[in-house]
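Inspection log for the structure reproduced underneath, given as C-alpha cells.
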Amino acid sequence: MSSIDYVIAGIGLVFFLFINLQLRKRGTTNIESFFLGGRDVSWKLLGLSMVATTFAADTPLWVTEKVVQHGISGNWLWWNMLLGGMLTTFFFAKYWRRAGILTEPEFISLRYSGPLVRPLRMFKAVYLGLFLNAVIIGWVNAAMIKVVGEFFQLSREWSVAVVVVMMVYTAVYSAISGLIGIVVTDAIQFIIAMTGSILLAVLVVRLPEIGGLTGLVEKLPEWRFHFFPTIENQTGDVLTISFGAFFSFVALQWWNSWYPGAEPGGGGYISQRMMSARTEADAQKASLFFQLAHYCLRPWPWIVVALAALVLYPGLTDHEAGNAYIRLIRDYMPTGIRGLMLLVFISAYMSTISTQLNWGSGYLTNDLYLLWKKVEMNNQKEPVVVGRIFTILIMVVGGIVSFYIDTIDKAAQFLIQAGAGLGSVLILRWYWWRINAATELVATLVPLMILAISKIWIEPALGENFVHQNGTFYIVVLGTMTVWLAVALLSKPTDYQVIREFCLKVQPAGIWPKNLHVPDNSEVRKNAVKWLSAVLLAYSVLFGTGYLLFGQWLKALICLTLVVISGYFLILQLQSDAKRGSAQH
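Using my numbering, the first residue of the sequence shown is number 1, and each one after it goes up by one.
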C-alpha cells in the first residue's frame, strides 16, 4: 500500500461523514425520521440502499469460498432466494407501506390480539434486533478482520483493533442522521463498491497469467463453469450435491427459511426500506430494483475474480478461499487500484453495519423500550436518544460475537437452519386469519430447539450422509410446520375486531371471515403472473450474462429471448397496475 492508496481511502471516509452531518437535522426530528426517513425516501435511493446493505465486506469472500469449493453452481445456496425476493416484491411490498407501522415487530400489535402480543413483540425485538443482528454483525466483522489482515499483513490483534475503530466510526455516522443519512451514504457506497468490483474483474482477466476470459476457460476444468450442480455424481472433481440438498435450496429454503435480506414476505431492513417509501408503488419499485441489482448485477465480477484466483493460486484450499480475493488485490493490482479496492471493502462494510445498527436499534427502541414504558410514539426527541444508546449496545454485542465466528459459511448456514419453518408463517400471517400470536411465537422458537436436538443427537447418530442430504434442514422445517399448524388450528384465533381493523387498513387478499373482509383474490393471480415474469427475467439476465462472458453464444441467445418475452409481460402488468392506481385516485 502506498500513500496514494491511503489518500483514496481517507477521502472516502471523510466524505461519508460529511454527508451524514449535512443530513442530521432532517434525520433526527423524531422517531419516524430517525428510523424511516420520514416515510419520504425515493425508490431509487431505497433500492440502492437495500442492495448496498447486502453487499457486505464478507460477500465477495463468501462467494469466492463457494466458487472454490463447488464452482459457479455453488452460488445456488443464495441464488434460490431470488424466488422469495420477487415474492416479497409483488405480494408484500405494498402491504408493508400500507400498514403504516414503524418496525416489523409492530406488525404483531396490528395483526394479533391476546396476552401474547406484548411479550412476543418484545421478544422479537431482542431476538432479531440484538441476538441475530449480533450474529450478522459478527460475521461481517470477522470478514473485515480477514480483509484488513491480508491487505496490510497485520497480526490478528492489530486487525481487530483496526476493525473496532471502523465499527465505532460507522456507529457514529449512522447515529448522526438516522436512516436518511444511511440511505444516501449507502447509494454512494454501492456505486463505489460496484465500480471497484467490475474494474478488479477486468484487470484480473487481463493479467498475462489469465489470458482473458478465453484463457480463464481453458485453464480450469469444465465443471467449474457449470451454472447448475451435478446431482449425486461421485466421479472426478465435479461438484457433488445430493438431491436432498439441492431440492431444499430450490423448493423449500426460499419461502420457508428466515435469512437476513431474504426474509419470506419481507422483514428486517428490507421491510424498513419499504415502509420508508413515499408511496406503495415506490415500495414495490424499490424492492424490484433491489432484486434485479442483487442477482443480476452483483455476482459476475466476484465470480470471475474467484475463478481467476484458482488459476493464480494453484492448490487453493477451502480454508484459504476467502482470503484469496484479498491476496489477489494485494499481489497483482497497481498503486491506486489497491486504494480503490480498500475503499470498496470499507464502503461495503459500513453500508451493512450502519443498516444493521439502525434497524436493530429501531426494534429495541420501538418494540422494547417504548412498549415497556407504554409511551405513545410522537414527535419527541427521547426515542432518538434511546435509539443512539441502543446503537452502541448492538455495536458492543456484535463486536463480542465476532470472536466466536470461525467461517462466514458456518454463520450463514446457522441462520438458514435457525429460521427454517418460520417463513411460511411470515407469509401466511398476511393472508390467513387463523395465524395468531401463538403461531408466530412457536414458529420462531421451535426451529432453534429442533436444530439443537439435531446437532447434538440426530446428526451424530445418522452420520455424514444425513448431513450431506441437508437432513437437519428437513427435520427443522417439518417439525416446525407441524407444531405451528397445530397451534394455529387449536388455539384461540385473533379477535374479530382486530382482524377487521387490520383488513380495513391493509386490504389483504387471502382467506378471511366473510363477515369481516371480502378480499379481492384476483390480485393473487395478477401478482403470480408478475412474480413468474420477474423470476424468469432475473434468472435469464443472470445466466445470460454468464453465458456471454464465457462464450456460450447459443445459450446466451436463448436467455436473451427469454429476457425479451418475460420483460414484455412484466412491463404490461406493471403498466396495467399503474393505470388502475391512477383510476382509483
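Each residue gets a CB set at the ideal place from its N, CA and C atoms; glycine is no exception. Since the model is a prediction, treat every value here as computed from it, not as a measurement.
Assigned exposure category for residue i - 16 Cβ within 10 Å defines buried
i      : result
Glu209 : exposed
Gln356 : buried
Thr214 : exposed
His294 : buried
Ile353 : buried
Val564 : exposed
Ser566 : buried
Gln469 : buried
Ile11  : exposed
Leu554 : exposed
Gln291 : buried
Gln380 : exposed
Ser2   : exposed
Pro221 : exposed
Val168 : exposed
Lys579 : exposed
Leu570 : buried
Ala412 : buried
8 Å Cβ cutoff met for residue i and residue j
i      : j      : result
Ala437 : Leu120 : yes
Phe247 : Leu77  : no
Thr89  : Ala534 : yes
Ser257 : Gly419 : yes
Ser105 : Ala134 : A quick correction: the sequence has Pro, not Ser, at residue 105. Cβ atoms of Pro105 and Ala134: not closer than 8 Å.
Arg97  : Glu280 : yes
Ile8   : Leu371 : no
Val183 : Leu17  : no
Trp223 : Gly71  : yes
Asp577 : Thr335 : no
Leu130 : Leu445 : no
Phe151 : Gly387 : no
Gly37  : Ser276 : yes
Lys530 : Gln573 : yes
Gln417 : Leu441 : no
Leu316 : Leu310 : yes
Asn323 : Lys66  : no
Phe473 : Phe225 : no
Residues that residue i bridges to, as DSSP identifies them
i      : result
Ser257 : Ala420
Ile607 : Any property of residue 607 remains undetermined from this structure, which presents the chain solely from 1 to 585.
Trp432 : Ile511
Lys277 : Per the sequence presented here, residue 277 reads as Ala, with Lys not at that position. The partner list for Ala277 (beta bridge, DSSP) reads Val41.
Ile389 : According to DSSP, which records beta bridges pairwise, Ile389 is partnered with nothing at all.
Ile231 : Ile241
Through-space distance from residue j to residue i, alpha-carbon basis
i      : j      : result
Arg273 : Ala283 : 8 Å
Asp409 : Val518 : 45 Å
Ile456 : Asn30  : 47 Å
Ala286 : Tyr349 : 22 Å
Arg500 : Thr439 : 19 Å
Leu203 : Ala142 : 27 Å
Gln234 : Gly463 : Legend: pLDDT at Gln234 = 46, less than 50; position of this residue unreliable, value from coordinates given subsequently. So the alpha carbons of these two residues sit roughly 18 Å apart.
Trp512 : Glu382 : 39 Å
Leu82  : Leu288 : 11 Å
Thr28  : Val385 : 9 Å
Asp40  : Ser402 : 35 Å
Leu645 : Gln497 : Outside the displayed range of the chain (1 to 585) lies residue 645, so it cannot be described from this structure.
Glu218 : Gly212 : 10 Å
Gly157 : Ile176 : Note that residue 157 is Glu in the sequence shown, not Gly. Answer to the nearest angstrom: the Cα atoms are 29 Å apart.
Phe243 : Ile231 : 6 Å
Ala52  : Leu216 : 29 Å
Leu489 : Tyr112 : 15 Å
Leu21  : Val172 : 11 Å
His319 : Ile400 : 23 Å
Thr170 : Phe345 : 13 Å
Lys526 : Leu297 : 27 Å
Trp484 : Tyr568 : 40 Å
Asp367 : Tyr404 : 28 Å
Val304 : Val205 : 8 Å
Gly261 : Gly267 : 8 Å
Gly196 : Met50  : 19 Å
Lys374 : Pro493 : 25 Å
Leu516 : Leu48  : 39 Å
C-beta neighbour in chain D for residue i, strict 8 Å
i      : result
Asn256 : Structure shown: chain D not included; a single protein chain is present.
Residue i: CB within 7 Å of a non-hydrogen atom of the ligand PLP
i     : result
Ser73 : Only the bare structure without any ligand can be found here, which leaves the ligand PLP out of the picture.
| request: Decide yes or no for the touch test of the segment 48-65 against the segment 382-399: beta carbon pairs closer than 8 Å, at least 3 of them. | output: When C-beta atoms of the segment 48-65 are compared with those of the segment 382-399, fewer than three pairs fall below 8 Å, so the two segments do not count as touching.
For the pair the segment 551-565 and the segment 532-543, tell me if three or more CB-CB distances fall below 8 Å.
Segments in contact, yes.
* Should the segment 183-198 be called in touch with the segment 420-427, which here means at least 3 C-beta pairs below 8 Å? -> Fewer than three beta-carbon pairs drawn from the segment 183-198 and the segment 420-427 are found closer than 8 Å, and the two stretches are therefore not classed as touching.
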